[in-house]
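**Q** Residue numbers (my numbering): 19 to 284. Note that beta-carbon positions come from the ideal geometry of N, C-alpha and C, so glycine has one too. I'd like to ask some things about the structure below.
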């Protein structure tokens, strides 16, 4: 399950989605996230899902690889479905003791799960199709106007990118620690929930130590390269908008209008 986490990983490719400017993809991702909270009916989710899977098809990222990223959050998705299913009043479909399932609750639960799945997949596409260095440059340029009021745009962009970049690294480290503990006879699967939680201590302690070690090595590497922040910093490859970005911007605007219009479909 640890290796199933795809957030923060980059999938190499030369598709039109990969070639888009990082700023276009960042803005598109944030727009898609906002649009998911605007959608309130089946047709809106159908349009959003169709658009998202069209982007996935253009990006040439395997669906199997993308859906693998949903495995670690399956319990969260299932919990969200159950809670929403039981929390809404309406036409009763089933009742037992203090539990009541209504038609409205089922619809709301289904919408919440679809929204959550689309949000996870849509967010994953950003990191899967954007190199970490391009993501840093894109975030910094988008935040640059705020530097006039004292916001450290370069440092914020760097921290966010490092956080995303080291998710797979920490997951690999966790996997190694689990296997090492199991080789020494550790049992993480038997017993009740409290015993399982207690058994995680031999994993968390070395993971924290490893995290600090990785952070220290990164800091030393940055200092050895004379890193001193974004002031006066230049780049080997400057990012620029091109015709593909203009087309993508037009399509995103059309999609936004369609999503808003879908709210009025009965």
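1) At a cut-off of 8 Å, would you count residue 241 as near the ligand SAH, judging by its Cβ distance to the nearest heavy atom?
2) Have a look at 259, 280 and 278 and flag the residue whose alpha-carbon is nearest the alpha-carbon of residue 45.
3) Residue 112 lies in the alpha helix (DSSP H); which residues open and close that run?
4) Residues in its own chain within less than 7 Å of residue 174 by CB, not counting five upstream and five downstream?
5) From residue 182 to residue 283, what distance separates their C-alpha atoms?
6) Measure the C-alpha to C-alpha separation of residue 270 and residue 213 and round it to an integer number of angstroms.
7) Specify, as a first and last residue, the run of the beta strand (DSSP E) that residue 187 falls within.
8) Nearest CA to the CA of residue 267: which residue from 114, 110 and 48?
9) Cα separation between residue 62 and residue 69?
10) Which residue comes first and which comes last in the beta strand (DSSP E) that contains residue 119?
11) How long is the line joining the alpha carbons of residue 82 and residue 76, rounded to whole angstroms?
12) Let me make sure I understand the geometry here. Which of 30, 231, 38 and 29 has the alpha-carbon closest to that of residue 262?
13) Where do the N-terminal and C-terminal ends of the alpha helix (DSSP H) with residue 158 fall, by residue?
14) Would you say the segment 118-137 touches the segment 98-108, given that touching needs at least three Cβ pairs under 8 Å?
15) What are the boundary residues of the alpha helix (DSSP H) that residue 36 is part of?
16) Would you check if the distance between the CB atom of residue 79 and the CB atom of residue 156 is smaller than 9 Å?
17) Please state whether DSSP places residue 218 in a helix, a strand or coil.
18) For the alpha helix (DSSP H) containing residue 100, list its first residue and its last residue.
19) Do you know how far the Cα of residue 192 is from the Cα of residue 235?
20) Within its chain, find whatever has a CB closer than 7 Å to the CB of residue 117; leave out the 5 residues flanking it on each side and keep chain order.
**A** Considering the structure as presented:
1) Summarising the ligand content, the structure contains no ligands, and the ligand SAH is consequently not present.
2) Residue mapping note: residue 45 aligns to position 27 of the chain shown, counting from 1. Minimum Cα distance to residue 45 is reached at 259.
3) As a first step, residue 112 is located in the chain shown; it is residue number 94 there, counting from the start. Segment 110-114 is the beta strand (DSSP E) holding residue 112; no alpha helix (DSSP H) there.
4) Taking the first residue of the chain shown as position 1, residue 174 is located at position 156. The residues are 161.
5) Indexing the chain shown from 1 puts residue 182 at position 164. Indexing the chain shown from 1 puts residue 283 at position 265. If I take the Cα positions, the gap works out to 38 Å.
6) The residue given as residue 270 occupies position 252 in the chain shown. The residue given as residue 213 occupies position 195 in the chain shown. The alpha-carbon atoms of residue 270 and residue 213 are separated by roughly 49 Å.
7) Stepping through the chain shown from its first residue, residue 187 is reached at position 169. Taken as a continuous stretch (DSSP letters only), residue 187 belongs to no beta strand (DSSP E), being part of the alpha helix (DSSP H) at 171-201.
8) Along the chain shown, one-based indexing puts residue 267 at 249. Answer by Cα proximity: 48.
9) Position 44 of the chain shown holds residue 62. Position 51 of the chain shown holds residue 69. Between residue 62 and residue 69, the C-alpha separation is close to 11 Å.
10) Counting from 1 along the chain shown, the entry for residue 119 is found at position 101. Per DSSP, residue 119 belongs to the beta strand (DSSP E) from 117-120.
11) As a first step, residue 82 is located in the chain shown; it is residue number 64 there, counting from the start. As a first step, residue 76 is located in the chain shown; it is residue number 58 there, counting from the start. Residue 82 and residue 76: Cα-Cα distance of roughly 15 Å.
12) Here residue 262 refers to the residue found at position 244 when the chain shown is read from its first residue. Checked all of 30, 231, 38 and 29; the closest Cα to residue 262 is 38.
13) Numbered from its first residue, the chain shown carries residue 158 at position 140. Per DSSP, residue 158 belongs to the alpha helix (DSSP H) from 150-161.
14) yes
15) Taking the chain shown and counting its residues from 1, one reaches residue 36 at position 18. Element bounds for residue 36: 34-37.
16) Locating residue 79 in the chain shown gives position 61, where the first residue counts as 1. Locating residue 156 in the chain shown gives position 138, where the first residue counts as 1. For residue 79 and residue 156, no; Cβs fall outside 9 Å.
17) Mapped onto the chain shown, residue 218 falls at position 200. Coil.
18) Your numbering for residue 100 matches position 82 in the chain shown. Taken as a continuous stretch (DSSP letters only), the alpha helix (DSSP H) holding residue 100 covers 92-104.
19) The count along the chain shown starts at 1 and reaches residue 235 at position 217. The count along the chain shown starts at 1 and reaches residue 192 at position 174. Approximately 18 Å, taken between the alpha carbons.
20) Translated into positions along the chain shown, residue 117 becomes position 99. Correct list, in chain order: 104.
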